[in-house]
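Working notes for the structure below.
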Amino acid sequence: MINEHHKANQITISNGDCQKVLETLSTEDFQMIIADPPYFQVLLEENWDNQWKSEEDYLVWTEDWIRKSSRLLKDDGLFFIFGQLGKREHLWLHVCSMATRILQFHDMLIWDRIVGYNERYDSFTPCYEMILVLRKSKEARPYFDKDAVRISYDDETKRQYLKDKRYKNLDARRTHLEKGKYATNILRVPSLKGSSKEKVGHPSQKPIKLIEMLVLSASREGDKVLDPFLGSGTTAVVCQNLNRQFVGIEIEKGYVEMAENRLKNEPLSLFTPASISA
Ligand SMILES: C[S@@+](CC[C@H](N)C(=O)[O-])C[C@H]1O[C@@H](n2cnc3c(N)ncnc32)[C@H](O)[C@@H]1O
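First residue of the sequence shown: 1041, per my numbering; consecutive thereafter.
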């Protein structure tokens, strides 16, 4: 039985198994899908990360939810899948290879967590996660607004650029600089520390600012966004702040309650587009 817990502002949260809930949703309705799935035996104390007998089982399960989600993506939509480094890294490569046979490869984003996590002694300290971006087909032309996530230049950089003698029209140059620069596909957003005000107690909670950059660039106000692995509700909070319609699915009741509490309490957006900060 699917339990629709929270339905306000067109934010819908279902407490259930996404494999089942995804089948109940209407087709080709979602402008974007953000999926941050279980990693496979990285968080050993979490049941949700240890539900499979083998790596092969995990890949079969992964293919199933990717296929079921793909059916829901609009023709000009984008599908973002998080991949965690560390113990799961080779499996993640298999996930990417399999997913790009279901949908068309569009991009691979790097989430630079800024501070590494000291998990490896036989290599460099891991410091990034990946986000595989897929579109519907080779021919599909996805909606993407680069201007929505321009990053401000700092004052010193602006001063240096304005000193450049090659620019004759300083006003035009200043206006150009105030617009900020395009964000690259390396998203530099610090991961949440234990002491962060944003932290609500989920072991793999993503920063609001990171999810905001995805939502702002790949959807417009009023568009529908899907997150099949809601966790603490980060995508729901972002969609509420940015006036997107939202459907989230989460198997654990405790996390559904966590997400509902965040929706009641969360402060406003954290990403400040250059157009606003300038
Ligand atoms: C990596 S976490 C997502 C964290 C989330 N992005 C956040 O910012 O809090 C994955 C979540 O998927 C949930 N989950 C695992 N299997 C599921 C399933 N079959 N259907 C729905 N949710 C599931 C887990 O309980 C966990 O909360």
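In this text, a Cβ means the ideal position worked out from N, Cα and C, and glycines have one as well.
Name the DSSP bridge partner or partners of residue i?
i: R1228; result: D1152
i: S1109; result: Note: S1109 sits in no beta bridge, so no partner.
i: E1290; result: N1055
i: A1188; result: A1188 pairs with nothing; no bridge assigned.
i: A1075; result: I1121
i: M1319; result: No answer is possible for residue 1319: the residues shown for the chain start at 1041 and end at 1318.
i: F1145; result: L1174
i: V1265; result: M1072 and F1286
i: K1237; result: In the DSSP output, where bridge partners are listed per residue, K1237 has none listed.
i: K1221; result: I1191
Measuring only the C-alpha atoms, how far is residue i from residue j?
i: R1214; j: E1159; result: 45 Å
i: P1182; j: G1273; result: 25 Å
i: L1083; j: F1286; result: 27 Å
i: A1223; j: Q1050; result: 29 Å
i: M1298; j: P1078; result: 18 Å
i: P1243; j: Y1157; result: 14 Å
i: D1151; j: K1205; result: Looking at the sequence provided, one finds Trp at residue 1151 rather than Asp. Using only the alpha carbons, I get a separation of about 36 Å.
i: S1319; j: E1300; result: Any question about residue 1319 goes unanswered here, given that the chain covers just 1041 to 1318.
i: K1047; j: Y1207; result: Reliability of the predicted coordinates at K1047 is poor, the pLDDT of 47 falling under 50, and the value obtained from them is presented with this limitation in mind. Going by the C-alpha atoms only, they are around 53 Å apart.
i: H1130; j: L1099; result: 12 Å
i: T1197; j: L1282; result: 30 Å
i: E1179; j: R1141; result: 15 Å
i: L1118; j: L1133; result: 20 Å
i: F1015; j: N1209; result: Past the edges of the chain, shown from 1041 to 1318, lies residue 1015, and the structure says nothing about it.
i: A1212; j: L1202; result: 10 Å
i: I1355; j: E1085; result: Past the boundaries of the shown model lies residue 1355; the chain is included only from 1041 to 1318, so the question cannot be answered.
i: E1063; j: D1057; result: 10 Å
i: D1162; j: S1236; result: 30 Å
i: E1261; j: D1116; result: 15 Å
i: N1090; j: D1097; result: 11 Å
i: Y1295; j: R1199; result: 47 Å
i: L1065; j: L1143; result: 19 Å
i: G1241; j: F1164; result: 28 Å
i: G1271; j: L1250; result: 15 Å
Excluding sequence positions up to five away, which residues of its chain have a Cβ less than 6 Å from the Cβ of residue i?
i: D1102; result: First, the residue type needs correcting, since residue 1102 is Thr and not Asp in the sequence shown. Excluding positions up to five away in sequence, the list reads V1135.
i: R1111; result: T1067
i: K1239; result: L1232
Considering Cα atoms alone, identify which of the options is closest to residue i.
i: V1265; options: D1057, Y1207 and T1067; result: T1067
i: V1229; options: K1219, D1267, W1105 and I1248; result: I1248
i: T1312; options: R1190, G1241, K1198 and V1240; result: R1190
i: L1172; options: L1065, L1303 and D1076; result: D1076
i: K1114; options: R1107, M1072 and L1174; result: M1072
i: V1278; options: N1305, E1292 and G1294; result: N1305
i: S1259; options: F1122, F1164 and A1188; result: A1188
i: R1175; options: E1086, I1106, A1212 and G1056; result: I1106
i: F1145; options: D1162, S1177 and G1241; result: S1177
i: I1269; options: L1250, I1291 and L1143; result: In the sequence as presented, Ile is not what sits at residue 1269; that position holds Phe. Of L1250, I1291 and L1143, the residue nearest in Cα terms is I1291.
i: Y1168; options: Y1295, F1122 and E1096; result: F1122
Since residue i contacts residue j with CB under 8 Å, what's their CB separation in whole angstroms?
i: M1148; j: M1170; result: 6 Å
i: D1185; j: S1257; result: 6 Å
i: F1080; j: W1092; result: 7 Å
i: R1284; j: D1263; result: 6 Å
Residues in its own chain within less than 7 Å of residue i by CB, not counting five upstream and five downstream?
i: L1254; result: I1074 and F1120
i: I1226; result: I1150 and D1152
i: D1104; result: Q1059
i: K1246; result: D1076 and T1274
i: Y1193; result: L1217, G1220 and K1221
i: K1293; result: N1055
i: L1303; result: H1046, I1051, G1273, A1276, V1277 and Q1280
Verify the CB distance criterion: does residue i have a CB-CB separation below 8 Å to chain C?
i: V1082; result: Given the protein chain composition of this structure (a single chain), no chain C is represented.
With a CB to CB cut of under 8 Å and the five nearest residues on each side skipped, what residues in its chain are close to residue i?
i: A1318; result: Confidence at A1318 is low in this model, with a pLDDT of 42, below 50, so its placement is unreliable and the value that follows should be read with caution. Closer than 8 Å at Cβ, skipping near neighbours: S1192, E1218, K1219 and G1220.
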